[in-house]
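**Q** Pasting in a structure now, in structure tokens, and then I'll have a few things to ask.
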Amino acid sequence: MTTSTQTIEQLAGKEYQYGFVTDIEQETVPPGLSEEVIRLISAKKQEPEFMLEWRLKAYRHWLSMTTPEWANVHYPPIDYQNIVYYAAPKSKADGPKSLDEVDPELLRTYEKLGIPLQERAALAGVAVDAVFDSVSVATTFKDKLGAMGIIFCSFSEAVREHPELVRKYLGSVVPTGDNFYAALNSAVFTDGSFVYVPKGVRCPMELSTYFRINAKNSGQFERTLIIAEAGSYVSYLEGCTAPMRDENQLHAAVVELIAHDDATIKYSTVQNWYPGDKEGKGGIYNFVTKRGRCEGRNSKISWTQVETGSAITWKYPGCILKGDNSVGEFYSVALTNNYQQADTGTKMIHIGKNTKSTIVSKGISAGHGQNTYRGAVKILSGADGARNYSQCDSLLIGEDCGAHTFPYIDVQNPTARMEHEASTSKIGEDQIFYCNQRGIATEDAVSMIVNGFCKEVFRELPMEFAVEAQKLLEVSLEGSVG
Amino acid sequence: MLEITSLQARVEGKAILKGIDLTVRPGEVHAIMGPNGSGKSTLAGVLAGREEYEVTGGAVRYLAQDLLELAPEERARAGLLLAFQYPVEIPGVSNVYFLKAALNALRKHRGEGELDAVEFLALVRGQLKTVQMDESFLRRSVNEGFSGGEKKRNEILQMALLEPRLAILDETDSGLDIDALKIVADGVNGLRSPERSFLVITHYQRLLDYIVPDFVHVLMNGRIVRSGGRELALELEEKGYGWLEAEVTVGA
Ligand SMILES: Nc1ncnc2c1ncn2[C@@H]1O[C@H](COP(=O)(O)OP(=O)(O)OP(=O)(O)O)[C@@H](O)[C@H]1O
Ligand SMILES: [Mg+2]
């Protein structure tokens, strides 16, 4: 494959062959989306030709698509011609100059979450020159990983340094035309993360984007690709508990995971984008496509998510269980407070024999929050002995919120075994009184009860992450009980 | 310790307590008996601060404070403990976590340092023995799937741990086998001290053989219709409540 040997210089030399008229030096392109803008993004990123072709294909497909209407979320139409699709890494000059200029509410939240002082500034978008410990730590990790043959880098770097891997796997799980937002992402994504774990290697540490995001904002259209070769293991952590400042309202990320024979990928997310204010104004729209393919025999992909942020969450991390005996798991906590809306769940597609999937979804609604679980389990005709266990529990706090459950089941093989459990409960006055009677304040009682409700999911998270997630729920629920 | 004067309360617009007078001094054990629906749990609930009960008259002084002014958790922190007639289940919250949170809430209030997991475990292990519960109950969710008797013993465990100044036991003896009854009684007797008082709500004189009360009161139709020593319980055991009802009507 010629692309695999192309060097950056060669690629850079091709920039103008597509007849660009736009000034390549400019830092931002004007709002709006067109083939020209996509060519420009690709050129700015010095991408190989196949990437540009891939983006253009996605774009053309996107043009023929319409926004999905089936989700139980409501928002005004988005003007896609009014979005800036490429901006060079923001000069820090635009952000607040010091912590004094940052929303005090946000700072209080950082404090409650126990975010170290020097990191608060960076999260809030303040220009800080000091090098974080976390960044240097990340560099040290990277050397160690490199010695084991593990690649962990930004997506742009992967396109430059490992084009053969990118070309082979990009879009292999989430095709460019998969859905409206995935197509949009494919056309315009600017960066993200790339992980490759070679055969038989067990990644010795949790790979966390937290380090990377501190160093650099990867933008609103993020792309992540994780490949685990035969017999390998990797655990990946995405996001962080601190609400991040971001001017982009629309976020449409795509994550693709591929697990070969006997490989395991564990993908954990804590999502806490800005949810909007108490009246429901502002807030991020988070429209994400996440999917993993258990390509090989005995492979396993496990999604764990704690979703507390965003005004709207639209997200269904799924697994394609292709290899025989492969295992897919989905553990989710989704919390909606104030006017937040979440429509989230999973999709498990059983193709191989004796494939197994587990779904545990915990929805918490408070305030005027609307929380929808939407899950699909599909057992194809060849999937002899497939098994699924689904459990969807909803917890309501207060009178004005809502919980909705839409499980879709499609079984084409008579040997499949399906188990489904669902429950909806309200935090009982009597539970809170019982705690009060033991000296525990109401807010603490609520977070205790909520954490208890989420326990089965939290125990799937890596230890430190679980502790943070608990604290996050506490903070997110503040003021939800009178 | 506790001084209740002409306490009236209603629930859902219906008057349940119709003027209760009761004084409990430090170190005393008072038993409250009375037919089903007479208002015993309501009294306990009002003292503990249950929201659905609306106090419509009277006053309650507790350790030189206006008890009715305090939020339920403040009452608890001031040393008032209610052992529930129907202990509440909290799925997913381990008993040990709950107990530790409760104890630390009290300690914090008293200005004492909070106990860490190791210190707490050492403490609670000792207490478990006195109520003859095994350690698996620490890991299980609060009261979830506990048998009736286990729930009651769990209440006594909490009492032993939290060392209240005033403990109100609402039918802690109901549904217990004879061994469990002794365990509960031992738990209470072990805590009896000149500073600590008990309000023991029960239907059975048998409990009072083990926990010997200083006073027995009969609550009927929202009023204390008779008070006496422990012999009153024996009399009730023999005669039931009918004769009192007759007396009340005659007296009225
Ligand atoms: N939340 C409520 N709503 C309506 N009625 C209530 C409520 N709580 C108590 N009551 C009523 O108040 C009355 C007194 O109830 P309470 O529970 O105090 O009785 P009790 O003396 O404890 O009876 P028992 O011996 O059966 O436990 C009963 O008629 C009961 O139905
Ligand atoms: Mg009662």
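Sequence lines, in order, name chains A and B.
Each residue of the first sequence is one higher than the last, beginning at 1 in my numbering.
Each residue of the second sequence is one higher than the last, beginning at 1001 in my numbering.
By construction, the Cβ of each residue, glycine as well, lies at the ideal position given by its N, Cα and C atoms.
Flag this pair as touching only if the stretch 1137-1144 of chain B and the stretch 1081-1095 of chain B have three or more C-beta atom pairs under 8 Å; answer yes or no.
**A** The stretch 1137-1144 of chain B, when compared against the stretch 1081-1095 of chain B, does touch it at the 8 Å Cβ threshold.
**Q** In angstroms, rounded to a whole number, what distance separates the CA positions of Leu1162/B and Gly1019/B?
**A** Computed Cα separation, rounded: 31 Å.
**Q** Taking His1109/B as the query, report the chain D residues whose CB atoms sit under 9 Å from its CB, ordered along the chain.
**A** Of the chains in the structure shown, none is chain D; the protein chains are A and B.
**Q** Per DSSP, Glu1215/B is paired with what?
**A** Contrary to the premise, residue 1215/B reads as Phe rather than Glu in this sequence. For Phe1215/B, which the question treats as bridged, DSSP gives the partners His1030/B.
**Q** Span of the beta strand (DSSP E) holding Thr1042/B?
**A** Where Thr1042/B is concerned, there is no enclosing beta strand (DSSP E), although the alpha helix (DSSP H) it sits in stretches over 1040-1048.
**Q** Of the residues that make up the stretch 1088-1099 of chain B, which ones have a beta carbon closer than 9 Å to any beta carbon in chain A?
**A** Within the stretch 1088-1099 of chain B, the qualifying residues are Val1088, Glu1089, Ile1090, Pro1091, Gly1092, Val1093, Ser1094, Tyr1097, Phe1098, Leu1099.
**Q** Could you check whether the Cβ of Ala1076/B sits closer than 7 Å to any Cβ belonging to chain A?
**A** Yes, because at least one Cβ of chain A sits closer than 7 Å to the Cβ of Ala1076/B.
**Q** Flag this pair as yes or no: are the beta carbons of Glu1052/B and Val1011/B separated by less than 7 Å?
**A** Result yes, Cβ atoms of Glu1052/B and Val1011/B sit closer than 7 Å.
**Q** For the stretch 1059-1073 of chain B, list every residue whose C-beta sits within 9 Å of some C-beta in chain A, in sequence order.
**A** Residues passing the 9 Å Cβ filter: Ala1071, Pro1072, Glu1073.
**Q** Quick one: is the Cβ of Lys1040/B within less than 6 Å of any heavy atom of ligand 2?
**A** Yes, the Cβ of Lys1040/B comes within 6 Å of a heavy atom of ligand 2.
**Q** Does the beta-carbon distance from Leu237/A to Ser268/A come in below 7 Å?
**A** Their beta carbons are under 7 Å apart, which means Leu237/A touches Ser268/A by this criterion.
**Q** Which whole runs of the alpha helix (DSSP H) in the stretch 389-427 of chain A are 4 residues long or more, in chain order?
**A** Listed in chain order, nothing qualifies, since the stretch 389-427 of chain A has no complete alpha helix (DSSP H) run of 4 or more residues.
**Q** Terminal residues of the continuous alpha helix (DSSP H) containing Thr1023/B?
**A** Here Thr1023/B belongs to no alpha helix (DSSP H); instead the beta strand (DSSP E) covers 1014-1024.
**Q** May I ask whether a heavy atom of ligand 1 can be found less than 6 Å away from the beta carbon of Lys1036/B?
**A** Inspection of the sequence shows that residue 1036/B is occupied by Asn rather than by Lys. Under cutoff, so the answer is yes.
**Q** Just the C-alpha distance for Trp273/A and Ala1015/B, rounded to the nearest angstrom, thanks.
**A** Whole-angstrom Cα-Cα distance: 51 Å.
**Q** Whole angstroms is fine: what's the gap from Ala1185/B's alpha carbon to Ile1211/B's?
**A** Each residue's alpha carbon lies about 6 Å from the other.
**Q** Along the chain, which unbroken stretches of the beta strand (DSSP E) at least 3 residues long are found entirely within the stretch 1077-1129 of chain B?
**A** The qualifying runs are 1080-1083, 1090-1094.
**Q** Determine whether the Cβ of Leu1106/B lies closer than 7 Å to any Cβ atom of chain A.
**A** So, interface residue.
**Q** Helix, strand or coil, according to DSSP, for Trp70/A in the structure here?
**A** Coil.
**Q** Using a Cβ-Cβ cutoff of less than 6 Å, which residues in the same chain neighbour Glu443/A once the five nearest sequence positions on both sides are dropped?
**A** Result list for Glu443/A: empty, nothing under 6 Å.
**Q** Is the stretch 1096-1116 of chain B close to the stretch 1171-1189 of chain B, with three or more CB pairs under 8 Å?
**A** Touching, no, given that fewer than three Cβ pairs across the two stretches are closer than 8 Å.
**Q** On the CB-based measure, 16 or more other CB atoms within 10 Å of its CB, does Asp410/A come out buried or exposed?
**A** So Asp410/A ends up on the exposed side.
**Q** Can you give me the start and stop residues for the alpha helix (DSSP H) that Asp191/A sits inside?
**A** Run containing Asp191/A: none in the alpha helix (DSSP H); it sits in the beta strand (DSSP E), 191-197.
**Q** Going by the C-beta, is Glu1054/B closer than 6 Å to any heavy atom of ligand 1?
**A** It does not: the Cβ of Glu1054/B is nowhere closer than 6 Å to a heavy atom of ligand 1.
**Q** For Ala1044/B and Glu1069/B, I'd like the C-alpha separation in whole angstroms.
**A** Cα to Cα, Ala1044/B sits roughly 16 Å from Glu1069/B.
**Q** Please determine whether the Cβ atom of Gln437/A lies at a distance below 6 Å from any heavy atom of ligand 2.
**A** No.
**Q** List, in chain order, every chain A residue whose beta-carbon is nearer than 8 Å to that of Glu1276/B.
**A** Nothing about residue 1276/B can be reported from this structure: the residues present for chain B run from 1001 to 1252 only.
**Q** Let me see if you follow: with CB-CB separation under 7 Å, is Ala1101/B close to chain A or not?
**A** Ala1101/B counts as touching chain A.
**Q** Please state if the CB of Ile312/A and the CB of Tyr80/A are separated by a distance shorter than 7 Å.
**A** The answer is no: Cβ separation not under 7 Å.
**Q** Could you have a look at Asp277/A and say whether DSSP puts it in helix, strand or coil?
**A** If DSSP states are grouped into helix, strand and coil, Asp277/A belongs with coil.
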